[in-house]
Every structure is written in structure tokens, then in C-alpha cells.
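Protein chains: 4
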Amino acid sequence: MTKTRLEAFSDGMFAIILTVLVLELQVPHLENNSFAAFSAGLIQIAPKFFAFLFSFFIIAIFWINHHAILHHIQKVDTKLLWLNIGLLFFSCLFPFITAFVGDYILNPFVVALYPLNMALASVTINALWKYAYVDTDLAPNNLTAEEKQARMKRDRMALVMNLASVALAFV
Amino acid sequence: MTKTRLEAFSDGMFAIILTVLVLELQVPHLENNSFAAFSAGLIQIAPKFFAFLFSFFIIAIFWINHHAILHHIQKVDTKLLWLNIGLLFFSCLFPFITAFVGDYILNPFVVALYPLNMALASVTINALWKYAYVDTDLAPNNLTAEEKQARMKRDRMALVMNLASVALAFV
Amino acid sequence: MTKTRLEAFSDGMFAIILTVLVLELQVPHLENNSFAAFSAGLIQIAPKFFAFLFSFFIIAIFWINHHAILHHIQKVDTKLLWLNIGLLFFSCLFPFITAFVGDYILNPFVVALYPLNMALASVTINALWKYAYVDTDLAPNNLTAEEKQARMKRDRMALVMNLASVALAFV
Amino acid sequence: MTKTRLEAFSDGMFAIILTVLVLELQVPHLENNSFAAFSAGLIQIAPKFFAFLFSFFIIAIFWINHHAILHHIQKVDTKLLWLNIGLLFFSCLFPFITAFVGDYILNPFVVALYPLNMALASVTINALWKYAYVDTDLAPNNLTAEEKQARMKRDRMALVMNLASVALAFV
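First to last, the protein sequences are chains A, B, C and D.
Residue numbers for the first sequence, in the numbering used here: 5 to 175.
Residue numbers for the second sequence, in the numbering used here: 5 to 175.
Residue numbers for the third sequence, in the numbering used here: 5 to 175.
Residue numbers for the fourth sequence, in the numbering used here: 5 to 175.
(1) For T140 of chain C, which of helix, strand or coil comes out of DSSP?
(2) If you follow the alpha helix (DSSP H) that V2 of chain B is part of, which residue opens it and which one closes it?
(3) Would the region 69-82 of chain B and the region 149-168 of chain C be scored as touching if the rule is three or more Cβ pairs under 8 Å?
(4) What are the start and end residues of the alpha helix (DSSP H) that includes E151 of chain D?
(5) Quick one: which chain A residues come within Cβ less than 8 Å of G16 of chain D?
(6) Among the candidates C:L91, C:M156 and C:W133, whose CA atom is the shortest distance from the CA of M17 of chain C?
(7) In the region 108-130 of chain B, which residues sit with their C-beta less than 8 Å from some C-beta in chain A, listed in chain order?
(8) Pick out whichever of B:K134, B:S126, B:A116 and B:T128 has its Cα sitting closest to the Cα of A168 of chain B.
(9) Assign K157 of chain D to one of two classes, buried (16 or more other C-beta atoms within 10 Å of its C-beta) or exposed (fewer than that).
(10) For chain C, is any of its Cβ atoms less than 8 Å away from the one on A12 of chain D?
(11) Could you tell me whether any Cβ in chain D is nearer than 8 Å to the Cβ of L85 of chain A?
(12) Go through the region 59-141 of chain A residue by residue and report every complete run of the alpha helix (DSSP H) that reaches 4 residues or more, in order.
(13) Examine the Cβ distances between the region 99-119 of chain A and the region 66-73 of chain D and report whether three or more of them are shorter than 8 Å.
(14) With 16 as the cutoff for other CB atoms within 10 Å, does D141 of chain A come out buried or exposed?
(15) Would you be able to state if there are at least three C-beta pairs under 8 Å between the region 50-58 of chain B and the region 50-58 of chain C?
(16) Please check the pair V31 of chain C and F94 of chain D, which I expect to be a contact at CB under 8 Å, by giving their CB distance rounded to whole angstroms.
(17) Mind listing the chain D neighbours of F100 of chain C? Cutoff is C-beta to C-beta under 9 Å, in chain order.
(18) Can you tell me the Cα-Cα spacing of K83 of chain A and S126 of chain B, whole angstroms?
(19) Taking CB distances under 8 Å as the criterion, tell me whether L34 of chain A reaches chain B.
(20) So, is the C-beta of R160 of chain A closer than 8 Å to a C-beta in chain D?
(21) To be precise: take each residue of the region 61-89 of chain C, compare its Cβ to all Cβ atoms of chain D, and keep it if any distance is under 9 Å. Which residues remain?
(22) Just the Cα atoms here: how many angstroms apart are A19 of chain B and F13 of chain C?
(23) If you measure from the beta carbon of I20 of chain C to each beta carbon in chain D, is any gap under 8 Å?
(24) Is L34 of chain B helix, strand or coil when you go by DSSP?
(25) Run through chain F and tell me which residues come within less than 7 Å of T23 of chain B, C-beta to C-beta.
(26) Is there a Cβ of chain A sitting closer than 8 Å to that of F39 of chain D, yes or no?
(27) Please check if any C-beta of chain C sits within less than 8 Å of the C-beta of L91 of chain B.
(28) Please list the partners that F104 of chain B has in chain A, where partner means a Cβ-to-Cβ separation under 7 Å.
(29) What's the call for N111 of chain A, buried or exposed, on a 16-neighbour Cβ count within 10 Å?
(30) Which chain B residues sit within Cβ distance under 8 Å of R9 of chain C?
(31) Look at the alpha carbon of K134 of chain C and the alpha carbon of M161 of chain C, and state the distance between them as a whole number of angstroms.
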């Protein structure tokens with residue numbers, strides 16, 4: 005398994021996940037051809053549309069981070085491969101969870117699934133970074149021990165805030 | 005982020021968007037095995053089919069333009085990356101809007117969404133070109149200041165005509 | 005537009021079209037957990053399944069032919085690009101037509117759409133070959149005039165048989 | 005047909021198959037915004053979710069094996085090409101069979117389709133390995149005759165266990 009292959013495969017999946025998101029947008033039923041019916045239709049799909057918009061940019065950010073992390077990786081081993089598959093697994097869940105939240109935007113338990121899945125994807129991508137940059141020499145780099153500690157601390161902080169927003173869903 | 009990666013990712017998304025378009029074509033219900041029932045079925049899906057045909061070629065043109073623009077780009081920075089993601093976002097909306105127009109071809113407000121989305125995609129791809137070819141040296145080129153002005157003027161004209169066709173939807 | 009790019013884009017679309025085919029296979033409704041209900045379910049989806057199986061191999065053959073043709077192509081011009089997009093357009097229609105035939109296997113007009121679409125896709129891929137190998141020097145080759153004539157004759161024969169099978173649908 | 009092309013095409017299909025799996029996960033209907041309704045919804049989709057989770061990792065493993073096998077392959081001939089298309093065909097069926105099992109988890113005949121399809125995919129990938137590594141010199145390697153025999157024996161054992169689990173579905 006070369007890095008190029010892993011990147012191409014991950015790129016393919018991120019591209020498909022982004023496109024599949026829009027499949028969840030259903031054409032609304034319009035009563036007639038008036039502007040009132042059109043507006044009502046747009047309002048009806050508004051929660052789904054904003055869930056789509058939000059997820060599109062969240063997944064784009066994961067994709068950008070994924071690339072930044074893989075940039076310095078020289079070798080791929082089995083554990084890195086499975087961490088990557090784990091990240092793709094949680095990324096794959098976004099279209100389903102986005103549709104779920106779009107349908108039940110007022111149910112706090114459903115809404116909480118979203119930051120929960122983001123947290124799981126973040127834990128995986130952070131573990132992937134730590135494995136390649138800190139635990140092994142898969143990604144040769146010039147980062148000092150302090151810089152590595154700082155990044156891991158920042159990742160933990162982001163995770164805490166993410167999990168805090170799970171709680172926010174219930175407010 | 006290298007240019008090759010960005011191109012491959014964008015190619016992947018354009019390929020998926022083109023294929024997803026056809027998923028909106030639903031098999032019509034036919035009353036019986038007669039030619040009359042078959043014709044009625046074809047007439048029923050005709051608006052969707054022509055919306056699909058039209059979108060297929062519109063997105064193909066965006067894809068060709070995207071390649072022409074990226075051809076001279078040597079470096080990718082964060083702003084270019086996000087302009088590209090913006091273009092992919094509006095491109096992603098085409099299958100949904102195509103299906104919406106196919107269902108409500110007589111509703112002018114729905115029909116107007118189509119040129120509106122095209123205008124948004126055009127603004128984004130023009131901004132991407134201007135950023136790489138005029139504002140920065142990401143795409144080294146031999147274009148004179150006049151040629152650059154001429155292209156930007158042409159892009160603005162195309163945009164005005166595009167927005168004018170939004171008005172046309174109401175005639 | 006380089007050949008590599010065109011190939012990658014076409015490969016992407018063929019891969020998606022093959023996978024999208026299976027999305028048309030709907031899980032049948034089973035009355036209970038008996039073998040009789042299971043058999044009835046399988047019989048119910050059998051036409052769709054065989055339409056899927058058939059289309060999978062037809063599209064695979066188009067993909068293999070596409071590669072064989074592109075193998076010697078050195079340059080890509082605008083006309084070749086649009087012939088290729090035309091081929092991808094008809095290829096994109098296969099999942100829809102496969103589902104249509106799977107639903108109305110007894111309607112000869114619906115069934116005739118299948119060889120009709122194959123004929124249109126064949127005309128396009130043959131035109132692409134002729135344009136690159138005979139009309140222009142986009143694909144430098146050692147074929148003699150006789151060999152080129154023989155291939156074009158063979159392509160025409162295949163097309164006639166294809167169109168004859170449109171008539172067969174009505175027998 | 006070069007190996008690179010075949011790999012890219014197969015990677016594309018595996019990536020799409022993994023993502024298409026999640027499309028089978030339907031948003032459940034929730035009665036109200038209570039935790040009880042949310043739990044009931046999760047329980048309702050639990051069989052589909054675990055079928056999705058299981059299939060995701062099964063297909064990931066096929067993808068990893070596919071890469072390991074193609075790693076030493078130097079040339080691609082027509083038979084190898086069709087063995088590969090056969091493998092992609094059975095891989096394509098996983099999303100459909102996963103949805104079928106998710107809907108009828110209590111029907112042993114439906115459940116038995118899953119290991120049956122796994123067995124067919126395994127037979128194909130093993131035949132692909134044997135063809136490239138043993139029968140021909142498409143994949144030059146240093147494996148001794150004993151090592152090749154050992155692998156083929158292991159593959160047969162795995163297949164027997166796989167088919168045994170078809171029987172297990174009826175227990």
C-alpha cells in the first residue's frame with residue numbers, strides 16, 4: 005500500500021460523500037405556481053438545506069486536514085491504514101446524520117448525534133496524526149517535542165469543546 | 005495541497021455530479037404494454053429528461069472551463085482552495101435544482117433558481133480565474149493587461165445575461 | 005486538456021455508472037420468513053437482477069473498448085473531448101433504461117429503448133475512434149487503409165445487428 | 005490496459021461501494037422529540053446500522069487484499085481484466101444484500117445470501133491471485149511452490165468456513 009494509493013482512495017471517498025449529501029435534499033411539494041407556494045416549499049426544506057451547507061464545509065475541512073496530515077507521510081503501515089479507514093467510516097456517516105438532523109431539527113437527541121460523530125471523526129484523525137508524527141517515523145518532521153505537545157493539547161481542547169456542544173443541543 | 009490533488013478531487017466531484025443527475029430520472033408508471041401508454045410515460049418524464057440533458061452539458065462546460073483555468077496554475081494556496089470548494093458547492097446543487105425544475109417546470113420561481121445557481125457558480129469560477137491569473141502569480145501567464153481586462157469584461161457580460169435569464173423565467 | 009485527465013474523468017464516470025446500476029435493485033417485500041416468501045421475493049426482482057447483470061457487462065465492455073481506443077491517442081482536441089462527453093452521456097442513461105426495462109420487461113417499446121441506447125453509444129464510440137485514428141493524427145498508428153476500412157465496416161455491421169435487435173423486441 | 009488504470013478504476017469502485025452502503029440507512033420515523041421516541045428510532049435502524057458497519061469492514065478488507073495482490077502484478081491481460089471485473093461485480097452486490105439482510109434479519113434464507121456473496125467474491129479474488137501468481141508470470145514473485153500450495157490451501161479452508169456460515173444462518 006503506497007501513500008499515493010491511500011490518498012487517491014480517500015480523495016475518492018471524500019468527493020463521493022460531499023456529493024451524496026445533496027441526494028438527501030428532496031424536492032418539496034408545491035401546492036401551485038404562486039410565490040407563496042414556492043416560499044412555503046423553500047421554508048420546508050430550509051433545515052435540510054442548512055444541514056447540507058454546514059456538512060459540506062465540515063467535510064471539506066476534514067478533507068483539507070487529511071491532506072495536510074498525509075503530506076509528510078512517507079510510508080503506510082497496517083495501523084495507519086485502519087486509522088484512515090476509521091476516519092472514512094465516520095465521514096461516511098455524515099450524510100445519514102445530516103439527513104436525520106434535517107428531519108428532526110427540534111429533537112435534541114438527534115441533534116446531539118452530529119457533534120458526537122464529529123468528535124469521533126476528530127478523535128480518529130488526531131490519532132492518525134499522533135501515530136504518524138509522534139509515535140512512529142512514518143511522517144518525518146522537524147516538529148519539536150513542545151510543538152507536538154502543543155498540537156495534542158489543542159486537539160484535546162477542540163474535542164472538549166466539541167463534546168460540550170453535544171450538551172448544547174439540549175439547551 | 006498540490007494542484008494534481010486538487011484537480012483529481014474536482015474531477016471526481018464533477019464525474020459524480022454528472023452521474024447523480026440521472027438518478028433523478030424516475031421510471032414512469034405505464035398503464036399497460038401499449039404504445040399509447042409508453043408514449044404517455046415518455047411525455048410524463050420529458051421535462052425531467054430535458055432538464056437532465058441540459059444540466060449534463062452545462063456541468064460538462066463548467067468542467068472543461070475548470071480544466072482550462074487550472075492548466076496554468078502552478079501553486080495552490082488556501083484562498084484558491086476555498087474558491088474551488090465554493091465552485092464545487094454550487095455544482096453540487098445542480099442535480100437538486102434540475103430535479104426541482106423538472107417537477108415544477110411551470111413555476112417561474114422554481115425555474116429562476118436554475119440561472120441563479122448558474123450565476124453563482126459563474127461568479128465563483130470567474131473569481132477563481134481572477135485570483136490566480138490577475139491578483140496573484142499562482143498561474144504564471146503571458147496575458148497582457150488588456151487581455152485580462154477583456155476577459156473580466158466578457159465574464160461580467162455573461163453574468164448580466166445569465167441574470168437577465170432569471171427575469172426571463174417570469175415571462 | 006491532457007489525455008491522462010480525460011481518461012481519469014471517464015474512468016471515474018464508468019466506475020460510478022456501474023455502481024449506480026445496483027442502486028436500482030430494490031429490496032423486495034417478503035410476506036414472512038418462509039422459503040416460499042423468499043423465493044417469491046427473488047422471482048419478483050429477477051427481471052431487475054438480470055437487467056443489472058446484463059448492463060454491468062455491457063458497460064464493462066464499453067469501458068474496455070474506451071481504453072483500447074484511448075491507448076494510442078497522443079493529443080486531445082475539442083471535438084474529441086465532446087465525442088467523449090457524448091459517449092459518457094449515453095453511458096449515463098444505462099442505469100435509468102435498465103431500471104425502466106426491469107420494471108416493464110413485457111412492454112416491447114420499453115425493451116427497445118435498450119438496444120437503441122446501445123446503438124447511440126456505439127455510434128459515438130465508433131465516431132470517436134474514426135476521428136482519432138482515421139480523420140486526424142491524434143492517435144498515431146500503423147493501421148493500413150484496408151484495416152481501417154475493415155474496422156469501419158465491422159462497426160457498421162455491429163450497428164445494423166444492434167438496430168435489428170430493436171425490431172426483435174417486438175417479436 | 006495498464007495496471008495503474010485497472011487499480012484506479014477498482015479503487016474508484018470500492019470507494020463508491022463503501023459510500024453507497026450508507027445510502028441504505030434510512031432516517032427512522034420518530035413519534036415526538038422525547039428520548040423514548042429517539043431510542044425507539046435507533047432500535048428500529050439498529051439491524052441496518054450493524055449490517056452497514058459489518059459490510060464496511062468486509063469491503064475494506066477486500067480492498068486491502070486487492071491491493072496486496074495487485075502490488076506485484078506487472079502486466080494485465082484479458083483474463084485478469086475479467087477476473088477483476090467479476091470481483092467488482094460481486095463487490096457491487098454488497099450494498100443491495102446488506103440492505104436486504106438489514107430488512108429481513110430474521111429470514112435465514114435472506115441472511116444466507118450474505119456469506120454466499122462473500123464466498124463468490126472470495127472465489128473470484130483467489131482465482132485472480134492464482135492466475136497472476138501461479139498460472140502465469142503476470143506477477144513475478146519469489147514464492148516457492150510450497151508457499152503457493154499453502155496459500156491455495158488456506159484460501160480453500162477460508163471458503164469452506166465461509167460456506168459453513170451459510171448453513172449457520174439456518175440455526
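Glycine residues also receive a C-beta, built at the ideal position from the N, C-alpha and C atoms.
The structure presented is a predicted model; accordingly, all values stated were derived computationally and were not measured.
Put simply:
(1) coil
(2) Not covered by the structure: residue 2 of chain B. The range shown for chain B is 5 to 175.
(3) no
(4) A149 to L172
(5) Contact of G16 of chain D with chain A by beta-carbon distance below 8 Å involves G16.
(6) C:L91
(7) Y108, L110, N111, P112, F113 and V114
(8) Each of B:K134, B:S126, B:A116 and B:T128 was checked against the Cα of A168 of chain B, and the nearest Cα belongs to B:A116.
(9) exposed
(10) yes
(11) yes
(12) 82-107 and 112-134
(13) no
(14) exposed
(15) no
(16) Separation of the CB atoms of V31 of chain C and F94 of chain D is rounded to 18 Å, and the pair is thereby denied contact status at 8 Å.
(17) Here the premise fails: no neighbours, minimum Cβ distance about 17 Å.
(18) In a straight line, the C-alpha of K83 of chain A is about 43 Å away from that of S126 of chain B.
(19) yes
(20) no
(21) F61, A64, W67, I68, H71, A72 and H75
(22) 6 Å
(23) yes
(24) coil
(25) In the displayed structure, chain F is absent; the protein chains listed are A, B, C and D.
(26) yes
(27) It does not; no Cβ of chain C falls within 8 Å.
(28) V31
(29) buried
(30) E11, D15 and H71
(31) Straight-line Cα distance between these residues: approximately 15 Å.
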